[in-house]
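Going down the list, the protein sequences come from chains A and B.
Mapping of the first sequence onto full-length UniProt numbering: residues 1 to 216, in sequence order.
Mapping of the second sequence onto full-length UniProt numbering: residues 1 to 216, in sequence order.
All remarks here apply to the structure that follows.
2 protein chains.
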Amino acid sequence: MIQYKLIYFDVRGLGEVSRQLFHLAGCEFEDVKIPRNDEQAWLELKKSTPFGQLPILKILDAESQNEIEIPQSSAIGRYLANQFGYAGKTPEEKAMVDAVIDQFKDFLVSQKRLTLAVRTKKSEEEINRVKEDIVTPAKDTYFKILKKLLENNSSGFLVGNDITWADLQISDNLTTLDGLGIFVPSEEPILAKFHEKIMNTPSLKTYFEQRPASLL
Amino acid sequence: MIQYKLIYFDVRGLGEVSRQLFHLAGCEFEDVKIPRNDEQAWLELKKSTPFGQLPILKILDAESQNEIEIPQSSAIGRYLANQFGYAGKTPEEKAMVDAVIDQFKDFLVSQKRLTLAVRTKKSEEEINRVKEDIVTPAKDTYFKILKKLLENNSSGFLVGNDITWADLQISDNLTTLDGLGIFVPSEEPILAKFHEKIMNTPSLKTYFEQRPASLL
């Protein structure tokens, strides 16, 4: 039997899609959350992580006691999505799912400039400058790509006919962007409809309702 | 029969690993290179690309005339690596290969700050500031991870016993960092040995010798 342990901070952030994949697949896992403000706990753990970062996924084969650790959020997400059948149905669909994830990660570079400014309590003027000069143009490009994918796909999902981890990742990011005031659902009906669809995924609804609130 | 067309600029950059994968696999492809300084040609092409970016991979099934376009360099690289058998041997190896690629892409965010400063002809003082304050600390973290992987793997490759597209990507980036003065082979013997090993891959040697020189 395989035992999974996901280790991340106590926010959605880069760990959330993997958590959702476990819930979507109905697969048990240990959801270890390191308090974001407990720097000591993190610095202690950091030494033993493969790349000095979180999330990591530990995969233990209980019979052989063989343990593998996978670092990097997208590598973990893709691994789980492939294991559970949410990576895309064909090699070409998988590549398109990967391309959407890469596009999200490109956008995340800009988003991080804003979340860093918020977290380090920069002035309102500086936060607004980052929003207007960096995040808004990046968001416009990113949203345009997402809307094109949704408009060209009658299933309501980003790629193919069924939910993939790209849908989870983009939807989760829309939740974050909503909280940051970057995604305004009433101004983006196509994205709002998509977001609502994913948030109403039957096997995830209870999880979404019960998880602790988190801006990021 | 499947016909591949890779479209990118006339530099190594984000297209090079896919080119190398075709050569490594001995698979024919059309290597379309858009001149970096021909802005008109690029703006014209940009409109018809899926995400407004290069590289893109066009996959044409000559029989059915069905054509698929894949955007995003890593999505293309992973797709080709999976097709040709250079993505890792097991799901867990594939995840580690993906994690290395993600680590490279994290570093690339910092590297881009430098290449942008060089390309937009910033002052020497500004270029040195970006090198010292942004690229060098990011490079230290990145190199530490790569060296740990190489030290823990007796094959000389980053993951598993055979060459993967992660080896190609990291080695190609070391070529770039060498040219930028960020990677000094004599100071990094582990990485220098790895770089030399990949550059001497029998099925790639002729390609490396014959390709046009490119800083980036």
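Every residue, glycine too, gets a C-beta built ideally from N, C-alpha and C.
These figures come from a predicted structure and were not determined experimentally.
For B/Val97, the closest of A/Glu196, A/Leu174, A/Ile70 and A/Asn173 by C-alpha to C-alpha distance is A/Ile70. When Cβ-Cβ separations below 8 Å define contact, A/Pro91 makes contact with chain B. Between the beta-carbon of B/Gln103 and that of A/Phe51 there is about 6 Å, and that keeps the pair under the 8 Å contact cut.
Per the Cβ contact rule, the segment 142-151 of chain B is not in contact with the segment 114-126 of chain B (fewer than 3 Cβ pairs under 8 Å).
Counting along the chain, the unbroken alpha helix (DSSP H) around B/Phe22 starts and ends at Glu16 to Ala25. Under the three-state reduction of DSSP, A/Asn152 is assigned to coil, being neither helix nor strand. Chain B places no beta carbon closer than 8 Å to that of A/Gln169, leaving this residue out of the contacts.
The DSSP-derived three-state label of A/Gln83 is helix.
The C-beta of A/Thr141 comes closer than 8 Å to at least one C-beta of chain B. Rounded to the nearest angstrom, the gap between the Cα atoms of A/Phe107 and B/Leu43 is 21 Å. Membership of A/Asn66 in the beta strand (DSSP E) is indicated by the continuous run Asn66 to Pro71. For B/Asn200, none of the residues of chain A pass the 7 Å Cβ criterion, the least Cβ distance being about 27 Å. Pairing B/Thr136 with B/Tyr142, the inter-Cα distance amounts to about 10 Å. Within the segment 138-209 of chain A, the complete alpha helix (DSSP H) runs of at least 4 residues fall at 165-179 and 189-199.
Proximity of A/Pro71 to chain B, defined by a Cβ-Cβ separation below 8 Å, is satisfied. Collapsing the DSSP output to three states places B/Val32 in a strand. Cα atoms of B/Leu60 and B/Lys205: separation of roughly 28 Å, rounded to the nearest angstrom.
Contacts between B/Gly52 and chain A, judged by CB atoms closer than 9 Å, involve Thr141, Lys144 and Ile145 in chain order. Ranking B/Gln53, B/Gly156, B/Leu80 and B/Glu92 by CA distance to the CA of A/Val100 puts B/Gln53 first.
Taking the Cα positions, B/Leu21 is about 16 Å away from A/Ala95.
In this structure, the beta-carbon distance from B/Val11 to B/Arg36 falls below 8 Å. The C-beta of A/Ala81 comes no closer than 8 Å to any C-beta of chain B. Only residues of its own chain outside the window of five on either side were considered, and among them Gly88, Lys89 and Glu93 have a CB closer than 7 Å to the CB of B/Gly160, listed in chain order. Going by beta carbons, B/Pro91 and A/Gln83 fall inside the 8 Å limit.
Assigned with DSSP and collapsed to three states, B/Phe51 falls in coil, not helix or strand.
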